[in-house]
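Peer 1:
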Amino acid sequence: MNTPDLPISGSCLCGSVQVQVTAPPILTFACHCRDCQKLSVSAYSLTAMIPAEGFSVSGKLAMGGLRTAARQHHYCPHCMGFIFSRMEGVTSRINLRATILDDLTWFVPFIELMTEEKMPWASVPAEHSFARIPETAEQVEALMEAYQRR
Ligand SMILES: [Zn+2]
Ligand SMILES: [Zn+2]
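In the working numbering, the protein residues as written are 1 to 150.
Encoded structure:
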């Protein structure tokens, strides 16, 4: 339970972009920030952090959203669906928008972020909550380890 059967496939709403995940996720999270509320058109966004070597994508992609040099957001250019993000300088993992996956029966957000901006009624069964985001890289590492051990 809470571990997907691999590989997991997924696609954007129109099906032009297909993804495949062949490695277990590193971490799963919900983000309650106002940006994610607007981005997801919902109360919070859901992300599965995937090892880069266990992720493949086919189909045309466009960059968009609040893209900066540091944050590269990839979208389907047809349905404008958000597919994944890559952080500049981080080659080991990507942040996949979890809801594009075909099978989500395994997905539970392990941590939740930015609860200080959450909608008052929105509750997520995460084991770790952060008012904002983890402060240090060590804290993130510890969360990844805890996620693997769960
Ligand atoms: Zn699409
Ligand atoms: Zn957010």
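No residue lacks a Cβ here, since even glycine has one placed at the ideal position from N, Cα and C.
1. Going by beta-carbon coordinates alone, are C79 and C12 separated by less than 8 Å?
2. I'd like the list of long-range same chain contacts for R93, defined as Cβ closer than 8 Å, with 5 residues on each side in sequence excluded.
3. Tell me which residue opens and which closes the alpha helix (DSSP H) that Y75 is part of.
4. Cβ of I111 within 8 Å of Cβ of A126?
5. Taking the alpha-carbon positions, what's the E88 to E116 distance?
6. Can you give, in chain order, each stretch of the beta strand (DSSP E) that sits fully within the region 2–28 and has at least 3 residues?
7. Three-state secondary structure (DSSP) at M119?
8. Any chance the CB of S45 is under 7 Å from a heavy atom of ligand 2?
9. Could you tell me which residues DSSP puts in a beta bridge with T47?
10. Can we count L13 as close to ligand 1, meaning its CB is less than 7 Å from some heavy atom?
11. Assuming P109 and F29 are in contact, meaning their beta carbons sit under 8 Å apart, how far apart are those beta carbons, in whole angstroms?
12. C14: buried (16+ other C-beta within 10 angstroms of its C-beta) or exposed?
13. Check whether the Cβ of C76 sits closer than 7 Å to any heavy atom of ligand 2, and report yes or no.
14. From what residue to what residue does the alpha helix (DSSP H) around V140 run?
15. Please say whether L46 and P24 have beta carbons closer to each other than 8 Å?
16. Taking V84 as the reference, give the member of T91, W106 and Y75 with the closest Cα.
Peer 2: For this structure:
1. yes
2. I26, M49, I50, P51 and A52
3. Not the alpha helix (DSSP H): Y75 falls in the beta strand (DSSP E), residues R71 to Y75.
4. yes
5. 27 Å
6. 8–11 and 18–21
7. coil
8. yes
9. F29 and R97
10. yes
11. 5 Å
12. exposed
13. no
14. A137 to R149
15. no
16. Position check: residue 84 holds Phe in this sequence, whereas Val was assumed. Closest option to F84, Cα to Cα, is Y75.
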